[in-house]
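As structure tokens, the structure follows; a few thoughts come after it.
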Amino acid sequence: MVESPDYRDPVHGIPVFSLYGAVRRPTPAMMDTFDVLLVDLQDLGCRIYTFVTTLRYVLEAAAKAGKAVWVLDRPNPVGRPVEGLTLRAGCESFVGAGALPMRHGLTLGELARWFVTTLGLDVEYRVISMSGGTRRFARHGWPLAGRTWINPSPNAPNLWMARCYPGSVLLEGTTLSEGRGTTRPLELMGAPDFDPQPLLAEMRALAPAWMNGCRLRPCSSNDFPQACRAALRGISGSRRGPGPLRHAAFKPWRLFALAFKALRRLRPDYPIWRDFPYEYENDRLAIDVINGSDLLRRWVDDSQALPGDLEAIAAADEADWRAARAPFLLY
């Protein structure tokens, strides 16, 4: 939680207000400085990415202040596929703006329409839709041949990270590393005492279908924060190389859930879950904040629970969300 202060732009001399500092919601004083707010953000297509929550907060603030919001729409880099459990009521947070699955399959413009309707907001808003060559990528993800990737966050350096993120972000609630400090952040999973080969074998034995659509390989790295004082050993879960990404096959949320389950079976006493303040939440485990409920954690820790048990809950949530989002699709 590295916050940013307000400041004055040195080139244009205009005030810049931080929504990740002293406040996360726009204040009345901020809202008084404009008539129309342009939301120009590159989302990663994942509920936990805080641009989604900030979008909700500015829409709510604009409704109260009588201001207009225009969303300058951009591609969802991971396309239309839906995956993950829906956030449960009462589990909202700065990384959980509403009853969305982890991978929602909407653009920010479409999410704005969903927020306005489901929250009953009386706000003037417009979506400036994508057009031309960009528009046709709305269903399939980032237009690799037509647009240069500019990372929206320091640890979102490429498209492969974005594709892994709906699963690899779960690592932030664990004692395992997600690869921050290496050249492949949020594409890795590991720890200095981690043995990847038995884990991969256990994952294949439990749910081989959950490993489709990606290449998993053991890896190690010394490009890790010095506090570890050891090489990072782990697995890489990206889908790099030639050929199209098979959207329906690659399910990163299931992939990393399966890795946790396999680790728990191999090493029942391994301290998987990290207990620390996470995105302004102090009273819940970080993994529950990230996942939007305790359902995933309880499934991992239950020695009798099988992949089919989690699949039944997740598949129902995903089907419900695909139906719920349909009226808000623009492309």
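Quick note on the working numbering: the sequence shown kicks off at 585 and runs consecutively. Built from N, CA and C at the ideal position, the CB exists for glycine as well.
List the DSSP bridge partners of Pro802. Pro802 is bridged to Ile819.
Applying the 10 Å Cβ sphere with the 16-neighbour rule, what's the burial state of Glu756? buried
Residue range of the alpha helix (DSSP H) that Tyr641 falls in? Phe635 to Ala649
Round the Cβ separation of Leu760 and Met773 to the nearest angstrom and send it over; I've been treating them as touching at under 8 Å. 6 Å
Count the other CB atoms within 10 Å of the CB of Leu622; is the residue buried (16 or more) or exposed (fewer)? Exposed.
Measure the Cβ-Cβ separation of Phe635 and Leu643 and say whether it is below 7 Å. no
Count the CB pairs spanning the region 783-796 and the region 831-849 that are closer than 8 Å, and state whether there are at least three. yes
Cα-Cα separation between Pro852 and Pro738, rounded to whole angstroms: Rounded to the nearest angstrom, the two C-alpha atoms are 34 Å apart.
Identity of the residue in Met714, Ser752, Tyr864 and Ile632 nearest Glu771 by Cα: Ser752
In the DSSP output, what is Ser761 paired with across the bridge? Gly774
Could I get the ranges of all uninterrupted alpha helix (DSSP H) runs contained in the region 656-737, with 4 residues as the minimum, in chain order? The region 656-737 contains, as complete alpha helix (DSSP H) runs of 4+ residues, the segments 692-702 and 716-719 (chain order).
Assign Thr611 to one of two classes, buried (16 or more other C-beta atoms within 10 Å of its C-beta) or exposed (fewer than that). exposed
Which same chain residues, not among the five before or five after Tyr864, have their C-beta less than 6 Å away from its C-beta? Phe678
Enumerate in chain order the residues of its own chain whose CB-to-CB distance from Leu783 is below 8 Å, with the five nearest sequence positions on each side excluded. Ile819, Ala843, Ala846, Leu847 and Leu850
Boundaries of the alpha helix (DSSP H) in which Leu755 is found, first to last residue: No alpha helix (DSSP H) holds Leu755; DSSP gives it neither H nor E.
Applying the 10 Å Cβ sphere with the 16-neighbour rule, what's the burial state of Pro594? exposed
Let's see if you can read the secondary structure: which residues bound the alpha helix (DSSP H) around Leu890? From DSSP, Leu890 is part of no alpha helix (DSSP H); its letter is neither H nor E.
In chain order, what residues of the same chain lie with their CB nearer than 8 Å to the CB of Ile545, ignoring the 5 residues before and after it? In the structure as shown, the chain starts at 585 and stops at 915, and residue 545 therefore has no counterpart that could be examined.
How should Pro861 be labelled, buried or exposed, when 16 other C-beta atoms within 10 angstroms of its C-beta is the threshold for buried? exposed
Where DSSP assigns a beta bridge to Pro599, which residues make up the other side? Arg592
Our contact map puts Leu880 next to Leu669 with C-beta atoms below 8 Å; I'd like the distance itself, whole angstroms only. So it is a contact: roughly 7 Å between Cβ atoms.
When DSSP builds the beta bridges, which residues end up paired with Ala652? Val620 and Glu708
Bounding residues of the alpha helix (DSSP H) (the contiguous stretch that carries Arg788): Pro780 to Leu790
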